[in-house]
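So the structure is just underneath, and the comments pick up after that.
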Amino acid sequence: VDGRVLPEQMVSAFAAGRQAAVPLLVGFNQGEIRSLTVLAPKAPATAADYEKGIRDRYGDLADAFLRLYPAADYKQSILATTRDALYG
723 VDGRVLPEQM
733 VSAFAAGRQA
743 AVPLLVGFNQ
753 GEIRSLTVLA
763 PKAPATAADY
773 EKGIRDRYGD
783 LADAFLRLYP
793 AADYKQSILA
803 TTRDALYG
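With the numbering used here applied, the sequence shown covers 723 to 810.
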């Protein structure tokens, strides 16, 4: 991403098949899931849709889930749940 050592974003290189044929370890200091949004579930259209999906999926545990990942900021909550599922 400096134009010399990393001439482009990782996701762009992989999408175009321009990555090197060697193992690659990628890490971030903050917000790492933002570069891996392809792993996140498709975002619902509204906060109400998000909350309905959570209530349908988690039933009696939905309130506890929504305290951790609130519908008020559902797009951020989706990233946070994906991050936590992948990285703990």
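All residues carry an ideal CB built from backbone N, CA and C; glycine is no exception. Source: prediction; values computed, not measured.
Item, Value
"Do K797 and A767 have their C-beta atoms closer together than 8 Å?", "no"
"To the nearest angstrom, how far is it from the Cα of I800 to the Cα of Q731?", "23 Å"
"Apart from the five residues just before and just after P792, which ones in its own chain have a Cβ nearer than 7 Å to its Cβ?", "S799"
"For D769 versus A794, is the C-beta spacing smaller than 8 Å?", "Contrary to the premise, residue 769 reads as Ala rather than Asp in this sequence. Yes, Cβ-Cβ distance for A769 and A794 is below 8 Å."
"Report the rounded CA-to-CA distance for F787 versus V748, giving the unit in angstroms.", "29 Å"
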